[in-house]
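According to the UniProt record's numbering, the residues represented by the sequence shown are 1 to 501, in order.
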Amino acid sequence: MSESISLSGYTILSTAVVLTAIFRATVVLYRLYFHPLCCVPGPGLAGATSLYLRYYEVVKGGGITKLLPHLHKKYNSPVIRIAPNHVHINDIEAYKRAFTAKPSPRKCSDFYKSAQGVDTILTTTEPQRHRVMRNAMLPLFTPRDMTRIFLIGRNHVTKVARVMARQGQNGQLLDLLANFVAGTLLDHPSELVSYEDPQSGWIIAQEFIGRYRWIFADIPFLVPIGLFLLSMSPEWITIGFKDLYQHCENFGNRVLSTKEENAKAPQTVFDKLLDNTSDNFTSRDTLALFQQAVVLMIAGTASPAITLTTAFFYILKSQDIETKLRNELADLEQRFPGGIVSADFDLRELHKLPYLEAVIKESLRIIPAVPGLLPRIVPSTGLTIALHYLPPGTRISAAHYVFHHNESIFPNPEKFDPDRWLNKSPEELQLPEQYFMPFSKGPRACIGMKQSWVFMYLVVVYLLGRFEMGIGEGMPGVLEWVDDGTAVPVVKPTVRVVEKV
């Protein structure tokens with residue numbers, strides 16, 4: 001009797017295994033030979049299983065981003081298949097039709113919700129909701145608002161510089177990225193990161209969120225569970241995460257109370273969201289403000305911080321680049337003694353520094369702050385790229401790194417060369433400018449890109465005007481990075497600073 005039960009159990013198990021194997025084999029055969037994307041060029045393994053993409057994201061630490069240019073070159077195609085239902089493009093005309101034309105593809109819900117587990121101006125997949133939030137915030141991102149941004153940025157740059165000066169007195173090596181993150185936290189930064197000690201745990205938390213975002217994409221219900229456990233956990237367990245969570249929660253409470261107590265207080269993006277009464281999309285509670293604060297905090301620090309780190313790394317690595325830049329800034333100093341802190345300094349002077357602009361642009365090009373996949377969903381109309389029809393529901397990505405390292409547009413793309421942006425006619429710069437997309441393009445482009453430019457200008461001008469700087473010993477010749485959602489240096493660049501007499 002027991003032997004028959006045992007045999008029966010074995011039969012059931014073996015049958016289940018065989019049926020599962022047959023099912024999986026059928027799925028693979030369908031994906032390779034009958035799927036609507038089966039004719040799109042790409043690795044066979046990528047077409048057969050999503051594990052191909054996951055392998056590069058998990059085991060190779062976002063390595064698919066750097067592999068993409070080689071895949072496009074290998075298959076000689078502007079569109080390649082990187083997963084059973086996911087393609088990547090590297091052609092600007094295809095990009096325009098896929099990302100800037102109407103109806104534009106929606107953002108991929110599981111990917112963007114996994115970013116922080118919230119629905120905000122950055123992560124929302126609903127075009128109408130995004131439009132409402134963007135329109136509410138736009139009044140604070142107009143050209144006439146630049147003076148306010150300039151004054152705020154100048155205040156924080158000078159604070160960071162004072163700390164760097166004190167740290168540099170004893171020859172201490174300074175972590176560039178940590179100091180620039182400290183400088184970009186423009187709202188009550190002391191709650192998250194101290195100017196005196198920029199190595200805050202929340203920076204580690206930020207990198208952790210990016211590195212393991214794929215887990216939340218695959219298992220989305222972990223996000224609310226994680227946030228709940230975070231709120232209940234003691235600080236010694238969740239150092240960094242707790243800092244970030246508590247800061248953003250306090251910020252939401254503070255905005256609500258300030259709104260009630262002082263209607264004439266300076267307007268922020270959160271005030272604009274609260275003022276919006278055009279529809280029911282914008283929630284007016286602490287949770288909604290907490291969600292916006294989390295995303296804006298991380299998005300608003302990562303981009304300028306990594307770009308400034310890249311800029312100073314290559315400036316200090318090249319005597320020629322540093323000399324050219326310091327000569328240009330010396331002319332500015334002659335016209336405005338004291339530089340950006342001069343009482344009569346005009347913000348428009350920052351836009352009269354062509355070599356500085358070229359250095360910043362090249363920093364954004366060579367290491368985009370968000371270098372990798374930002375998937376969208378092909379709309380109901382479908383999309384045809386290079387004679388390949390992409391049906392509705394197809395995931396489509398266009399990594400900024402791939403466009404910025406297109407050899408036909410940017411010769412010798414791995415070389416940091418500000419001169420590639422200079423002494424060129426508008427016709428010569430037309431294609432490079434089209435392929436240059438550090439803040440994305442179209443209706444979902446970064447709303448604060450102009451403010452980021454102003455802040456980065458300020459940092460470079462002020463720090464080079466105040467310090468003699470040298471790259472730390474043992475730094476590699478190129479700045480290697482990994483794609484953890486944002487670009488993260490493999491080796492954090494360090495510098496020595498000596499205040500000018």
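The beta-carbon is built from N, C-alpha and C at its ideal position, and this holds for glycine as well.
request  = Enumerate, from N- to C-terminal direction, the unbroken alpha helix (DSSP H) stretches of 4 or more residues contained entirely within the stretch 339–378.
outcome  = 354–366
request  = Mind reading off the beta-carbon distance from P489 to T301? Whole number of angstroms is fine, and I expect it under 8 angstroms.
outcome  = Contact flag wrong, Cβ pair sits at about 15 angstroms.
request  = Classify F467 as helix, strand or coil using the three-state DSSP reduction.
outcome  = Strand at F467.
task = Report the three-state DSSP secondary structure of R131 (helix, strand or coil).
result = Reduced to three states, the DSSP call for R131 is helix.
message = Helix, strand or coil for T49? Go by DSSP, reduced to three states.
response = Note: T49 maps to coil in three-state DSSP.
query = Among S363, P476, Y389, V501, which residue has its Cα nearest to the Cα of V495?
reply = Nearest neighbour of V495 by Cα position, chosen from S363, P476, Y389, V501, turns out to be P476.
query = If Y355 sits next to E328, beta carbons under 8 angstroms apart, how far is it from one beta carbon to the other, in whole angstroms?
reply = 5 angstroms
ask   = When the distance is taken between beta carbons, is T394 closer than 7 angstroms to N90?
value = no
query = Along the chain, which unbroken stretches of the beta strand (DSSP E) at least 3 residues long are found entirely within the stretch 368–453?
reply = Within the stretch 368–453, the complete beta strand (DSSP E) runs of at least 3 residues are 383–385, 388–390, 395–397.
ask   = For K159, does the three-state DSSP call read helix, strand or coil?
value = helix
request  = Could you tell me whether the stretch 421–437 touches the stretch 447–461, where touching means 3 or more Cβ pairs closer than 8 angstroms?
outcome  = no
request  = Give the straight-line distance between the Cα atoms of L383 and H405, rounded to the nearest whole angstrom.
outcome  = 25 angstroms
message = So if DSSP puts residue 513 in a beta bridge, which residue, or which two residues, is it bridged to?
response = There is no way to answer for residue 513, as the model of the chain reaches only from 1 to 501.
inquiry  = Using the Cβ count rule (16 or more neighbours within 10 Å means buried), how would you classify P443?
reply    = Burial call: exposed.
request  = Report the option in G339, A21, T100 whose CA atom is closest to the CA atom of L464.
outcome  = G339
inquiry  = Between which residues of its own chain and L138 is the CB-CB distance below 8 angstroms, once the five residues before and five after are set aside?
reply    = I447
inquiry  = Suppose contacts are defined by Cβ-Cβ distances below 7 angstroms. Is V359 in contact with P418 by that definition?
reply    = yes
query = Taking DSSP as the reference, what is the three-state secondary structure of L138?
reply = In the three-state reduction of the DSSP assignment, L138 falls in the helix class, which pools H, G and I.
inquiry  = I need the DSSP call for D331, collapsed to helix, strand or coil.
reply    = helix
task = For the beta strand (DSSP E) containing A94, list its first residue and its last residue.
result = In the DSSP assignment, A94 falls outside any beta strand (DSSP E) and lies within the alpha helix (DSSP H) extending over 92–95.
task = Note down the Cα distance separating L13 from L19, rounded to an integer number of angstroms.
result = 10 angstroms
query = From P391, V370, A83, pick the residue whose C-alpha is nearest to that of I306; which is it?
reply = V370
query = Looking only at C-alpha atoms, which of F34, W421, I64 sits nearest to V402?
reply = I64
task = Would you mind working out which of W481, V482, K500 sits nearest R466, comparing C-alpha positions?
result = K500
ask   = In whole angstroms, what separates the C-alpha of F281 from that of N135?
value = Legend: pLDDT at F281 = 46, less than 50; position of this residue unreliable, no value from coordinates given.
task = Return the Cβ separation of F336 and E357 in integer angstroms, given the expectation that the two are a contact with Cβ distance under 8 angstroms.
result = At roughly 18 angstroms, the Cβ-Cβ gap does not stay under 8 angstroms, so F336 and E357 are not in contact.
request  = Determine the direct distance from the alpha carbon of V482 to that of G472, and round the result to whole angstroms.
outcome  = 21 angstroms
Cβ-Cβ distance between M133 and V497 below 7 angstroms = No, they are not a contact pair.
message = Taking the beta strand (DSSP E) that P69 belongs to, which residues open and close that run?
response = Run containing P69: none in the beta strand (DSSP E); it sits in the alpha helix (DSSP H), 64–75.
P489 - containing beta strand (DSSP E), residue span = 486–489
request  = Please list, in chain order, all residues of the same chain as P36 whose beta carbon is under 6 angstroms from its beta carbon, the five residues on each side excluded.
outcome  = P391
ask   = In terms of residue numbering, what span does the beta strand (DSSP E) encompassing H88 cover?
value = 86–89
request  = Output the boundary residues of the beta strand (DSSP E) element that contains V79.
outcome  = 79–83
ask   = Are there 16 or more other CB atoms within 10 angstroms of the CB of T486, so buried, or fewer, so exposed?
value = buried
inquiry  = What would DSSP say about T494, mapped onto helix, strand or coil?
reply    = strand
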